[in-house]
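These notes are about the structure you will find just below.
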Amino acid sequence: MELPVLVTLPSGALVQRLGPEGFVGRGVKGPIPLESVETERGARRILFVVENAKRVPEAARKIEAAVIREIVSKADAEDVFGLLTARGPRKEIRFGESRESLQAAANEIEAGMKGKNQEDAVLDSVYEGAGWFQPGRAGDAIFVLTMGIEKNNQVSFDKVRDRLTGAGIRVFGFQLGMLISGYIYGGVGMGPGGQLIPTANISANRENFFALSMDTGGFASLENAEGDPQKRYRLTDERLRVVQYMAAQEYKAAVEYYRVRVQNPPKEMVLDLAEAIRKQIPQAMVIYPKTALACSPYSNSPKH
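Take the sequence shown: its letter number 302 is residue 306 in this note's numbering, and every next letter is one higher.
Structure (structure tokens):
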């Protein structure tokens with residue numbers, strides 16, 4: 005089985021040039037030997053899925069456009085891009101179309117696209133876009149720019165995740181709205197003396213954009229362009245530079261990653277840095293598609 009692996013720091017910087025001695029596999033019964041560790045780098049296919057609904061504020065639209073421009077400007081000549089909108093007026097740019105068409109689409113998104121809104125939610129568009137990567141190639145990636153995953157999608161979260169991991173497609177991007185960690189729902193309970201009293205419970209929100217990106221072996225950034233009741237959001241030049249930096253780091257992660265091969269890993273396997281490396285960079289995060297351990301989509305992924 006082959007896994008795409010990233011090692012990132014809290015700043016978003018990537019830890020590169022690690023060799024086979026830099027990683028260890030662990031299971032319930034002890035160490036798990038790794039067959040090989042190689043660096044994978046090559047031309048990529050990247051699809052932007054961009055939410056352009058009416059709920060997207062002006063600052064968020066500017067960020068969406070800036071991320072597209074930043075990645076396209078940093079891209080290798082061999083990279084190919086596509087674009088698909090969600091929620092708002094439909095716009096699609098297929099792989100192989102000119103980069104000028106992407107720049108024009110970024111301008112439209114920033115200005116606010118005109119036209120009839122579509123019903124497809126962000127997850128629906130991600131699911132549709134995953135079908136564009138046929139046949140699959142190593143390093144295929146979807147960059148999602150969204151206010152956040154809603155609950156009114158037609159395709160379930162699990163179905164989208166399974167299609168992505170099954171095809172070896174990693175998800176990156178930005179959430180531009182508030183992160184909802186859970187939902188409060190009301191009910192009734194039995195109080196002292198037997199009387200009914202109202203109750204409130206919290207249901208954890210496990211079907212969020214960050215879970216989707218991590219489950220597929222990618223990562224995402226949060227830039228809450230909605231602001232909050234205590235502080236209004238302002239897209240300053242400094243904030244824009246931070247966004248552009250993170251966009252560039254995510255692009256680098258799409259282009260280059262570690263290809264770790266392990267034979268018949270157990271589902272509970274944990275991949276981590278070797279002890280000597282972990283001591284040097286204790287805050288580093290090892291990212292790989294853990295849900296893929298239940299199957300083996302990457303074992304047949306094409307290689308460069």
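For every residue, glycine included, the Cβ atom is placed at its ideal position computed from N, Cα and C.
{"Item": "Limits of the beta strand (DSSP E) - the one that residue 260 falls within", "Value": "260–265"}
{"Item": "Closest by C-alpha distance to residue 221, when choosing among 246, 248, 254, 240", "Value": "254"}
{"Item": "Proximity test, residue 150 beta-carbon vs the ligand NAD heavy atom, cut-off 7 Å", "Value": "Ligands in the displayed structure: none, and consequently the ligand NAD is not present."}
{"Item": "Start and end residues, alpha helix (DSSP H) containing residue 168", "Value": "161–171"}
{"Item": "Spatial neighbours of residue 24 in its chain, beta-carbon cut-off 7 Å, leaving aside the 5 residues before and after", "Value": "38, 40, 41"}
{"Item": "Burial state of residue 123 (16 or more Cβ within 10 Å)", "Value": "exposed"}
{"Item": "Selection from 51, 288, 16, 241 that minimises the alpha carbon distance to residue 138", "Value": "51"}
{"Item": "Where residue 285 falls, given that 16 or more other Cβ within 10 Å makes a residue buried", "Value": "exposed"}
{"Item": "Residue 213 in three-state terms, based on DSSP", "Value": "helix"}
{"Item": "Spatial distance of residue 281 from residue 274 (CA atoms)", "Value": "16 Å"}
{"Item": "Residue range of the alpha helix (DSSP H) that includes residue 70", "Value": "62–78"}
{"Item": "Pair within 8 Å by beta-carbon distance, residue 118 and residue 109", "Value": "no"}
{"Item": "Distance CB(residue 27)-CB(residue 259) smaller than 8 Å", "Value": "no"}
{"Item": "Among 143, 67, 43, the one whose alpha carbon lies nearest that of residue 85", "Value": "143"}
{"Item": "Cβ-Cβ distance between residue 88 and residue 44 below 8 Å", "Value": "no"}
{"Item": "Local conformation of residue 220 per DSSP, three classes", "Value": "helix"}
{"Item": "Residue 90, enclosing alpha helix (DSSP H) - first and last residue", "Value": "It is not in any alpha helix (DSSP H) - residue 90 instead sits in the beta strand (DSSP E) that spans 84–90."}
{"Item": "Secondary structure of residue 227, DSSP reduced to three states", "Value": "coil"}
{"Item": "With 16 other Cβ atoms within 10 Å as the buried cut-off, status of residue 183", "Value": "exposed"}
{"Item": "Residue 105 - containing alpha helix (DSSP H), residue span", "Value": "103–115"}
{"Item": "C-alpha distance - residue 9 paired with residue 217, whole-angstrom precision", "Value": "13 Å"}
{"Item": "Nearest-angstrom Cβ-Cβ length linking residue 76 and residue 130, presumed shorter than 8 Å", "Value": "Wrong, their Cβ atoms sit about 20 Å apart, outside the cutoff."}
{"Item": "Given 8 Å, three or more beta-carbon pairs between the region 222–232 and the region 164–178", "Value": "yes"}
{"Item": "Of the listed residues 291, 252, 270, nearest to residue 261 (C-alpha basis)", "Value": "291"}
{"Item": "Collapsed DSSP secondary structure at residue 25 in the structure displayed", "Value": "helix"}
{"Item": "Cβ neighbour criterion (16 or more within 10 Å) applied to residue 203", "Value": "With a pLDDT of only 40 at residue 203, under 50, the local geometry of the prediction cannot be trusted, and the value read off the model is given with reservation. That one is exposed."}
{"Item": "Secondary structure of residue 280, DSSP reduced to three states", "Value": "helix"}
{"Item": "Supposed contact pair residue 65 and residue 97 - C-beta distance, whole angstroms, cut 8 Å", "Value": "Residue 97 to residue 65, Cβ: 17 Å. No contact."}
{"Item": "Classification of residue 32 by the beta-carbon crowding that lies within 10 angstroms, buried from 16 upward", "Value": "exposed"}
{"Item": "Sequence-distant residues of the same chain with beta carbon closer than 7 Å to residue 14, five excluded per side", "Value": "287"}
{"Item": "Helix, strand or coil at residue 124 according to DSSP, with G and I counted as helix", "Value": "coil"}
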